[in-house]
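Trainee: What follows is a single structure, and I will ask about it in a moment.
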Amino acid sequence: MSVISKIASSHSFSDKALLEVLSDDKYDQELFSSADEIRRSVYGTDVYIRGLIEFTNYCKNDCLYCGIRRSNSDCDRYRLTKEDIYGCCEEGYSLGFRTFVLQGGEDMSFKDDDICEIVYNIKSRYPDCAVTLSIGERSRESYSAFKSAGADRYLLRHETANAEHYSKLHPQSMSLENRKNCLFTLKELGYQVGSGFMVGSPFQTLENLVEDFKFLQTLGPDMIGIGPFISHKNTPFKDFPNGSLELTLRLVALLRLVFPKALIPATTALGTLHPNGRELGLKCGANVVMPNLSPVRFREKYELYDNKICTGEESAQCRDCLDRRVKSVGYKIVTDRGDARTIK
Ligand code: 5AD
Ligand code: FES
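Start counting the sequence shown at 2; every next residue gets the next number (my numbering).
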């Protein structure tokens, strides 16, 4: 049996097998077609869409890779009002979105009560929609309050599962331990949880990526988001090379083999790295796209990395563009909530 069919049939891997597949392009063809086969057997040709609302670019953290880090004084800061946010949802709903993702920097001026009010209002207006939060590390009490207000899902990438590597990407005030605790707390509270990591972040080794897979096996997330690291000109990592397309696609495909039922987005970072990055991601096992619903006038300001795509297009344009792109590779966008097939 080939190394790929071994991983695909057992949904598990040995360190050696994973390292081998990650470092040699001779497996790519079999890897990618096997990932697509599994994706089709679980999800058919369906692609789920999530409407991303980037509602604040203020952040108290100083992650070394991120363009909206606190120390970036060049970053033009903004906050959407609650009414702005509801407006994005209204437009998104009419475009067929049934999941809204509220994403922001760690902006403590949005108190727990504010987040609860926003979540509650969106859920009341659109009971058939899922609300996802992606607002970083908060306390168990906060997460619990958001859940009671109606939040369904939470996205928090672990970024890297190796503590030493984590400390090279983050300031001392942050720790992998706390990150992991947040993720396990979110699971305990009944959220559908999304985690993930960057590919090709500075100092990352292939062994680190094996650790990422092992951590994800322990966590059992519903969604796994990965994208290439892309340098941002106003960060300490400005001179580091971007992550590679090939390695990202290999990892997307391997994730599909190991986590057959996971929701795996073809990320905006992948689309930024290569003009057809998202289509390639879909062909390698990804089954979600997350276009932006934020008002166009703010889009350029939510610059996590350089040259981010879709900053000039209206939400409706992105929706049409994605429809075409998804169709062009043989899949179709569906407009239901897009829950994971079974919750692990
Ligand atoms: N390149 C790629 N991805 C990035 N993110 C933050 N900064 C960058 C960058 N420079 C990712 C992180 C974060 C998500 C919202 O965006 O993984 O969790
Ligand atoms: Fe935004 Fe294509 S997805 S313009």
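Where a beta carbon is used, it is the ideal one built from N, C-alpha and C, also for glycine. Just so we're clear, the structure is a prediction, and the values are computed from it rather than from any experiment.
(1) I'd like to know if the stretch 323 to 332 and the stretch 240 to 258 are in contact, where contact means that at least 3 CB-CB pairs between them fall below 8 Å.
(2) Straight-line CA distance for L294 to G313?
(3) Near N179, what residues of its chain come up, given a Cβ to Cβ distance below 7 Å and the 5 sequence neighbours on each side ignored?
(4) Given a threshold of 16 other Cβ atoms within 10 Å of its Cβ, counted over all protein chains shown, does E247 qualify as buried or as exposed?
(5) Under 7 Å from any heavy atom of the ligand 5AD, does the C-beta of G195 make it?
(6) Beta carbon of V200, beta carbon of T249: below 8 Å?
(7) Quick one: residues in its chain with C-beta nearer than 7 Å to the C-beta of R141, no 5 flanking neighbours on either side, listed in chain order?
(8) If we ignore side chains and look at the alpha-carbon of each, how far apart do F101 and Y79 end up?
(9) According to DSSP, is A131 part of a helix, a strand, or is it coil?
(10) Would you report the Cα separation of A150 and N308, rounded to the nearest angstrom?
(11) What I want to know is whether the C-beta of R158 ends up closer than 7 Å to one or more non-hydrogen atoms of the ligand 5AD.
(12) Report the rounded CA-to-CA distance for V297 versus A341, giving the unit in angstroms.
(13) State the start and end residues of the unbroken beta strand (DSSP E) segment that holds E198.
(14) Would you tell me roughly how many angstroms separate the C-alpha atoms of C89 and L134, rounded to the nearest one?
(15) Please report the Cβ distance between V290 and L20, rounded to the nearest whole angstrom; I am assuming they are in contact, meaning their Cβ atoms lie under 8 Å.
(16) Go through its chain and collect everything with a Cβ distance to A270's Cβ below 7 Å, but skip five positions before and after it.
(17) Return helix, strand or coil for N293, following the three-state DSSP convention.
(18) Name all residues in chain order for which at least one heavy atom of the ligand FES lies closer than 5 Å to the residue's CB.
(19) Do you know how far the Cα of H233 is from the Cα of L67?
(20) By the three-class DSSP mapping on this structure, what secondary structure does E160 have?
(21) Can you look up K169 in the DSSP assignment and give me helix, strand or coil?
Mentor: In brief:
(1) Between the stretch 323 to 332 and the stretch 240 to 258 there are fewer than three C-beta pairs closer than 8 Å, too few to call the two in contact.
(2) 12 Å
(3) If we look at N179 and ignore the five residues flanking it on each side, its Cβ neighbours are E138.
(4) exposed
(5) Not so, every heavy atom of the ligand 5AD lies at least 7 Å from the Cβ.
(6) yes
(7) T186
(8) The alpha-carbon atoms of F101 and Y79 are separated by roughly 20 Å.
(9) strand
(10) A direct Cα-to-Cα measurement between A150 and N308 gives close to 36 Å.
(11) yes
(12) 30 Å
(13) Reading the sequence as shown, one finds Phe at residue 198 and not Glu. Start and end: Q193 to V200.
(14) Distance between C89 and L134, taken at the CA atoms: about 15 Å.
(15) About 30 Å separates the two Cβ atoms, so there is no contact after all.
(16) Beyond the five residues adjoining it in sequence on each side, A270 comes within less than 7 Å, by CB distance, of G228, P229, I231 and Y306 in the same chain, given in chain order.
(17) strand
(18) For the ligand FES, the selected residues are C311, E314, C319, C322 and L323.
(19) The displayed chain sequence assigns Cys, not Leu, to residue 67. C-alpha separation (whole angstroms): 7 Å.
(20) strand
(21) helix
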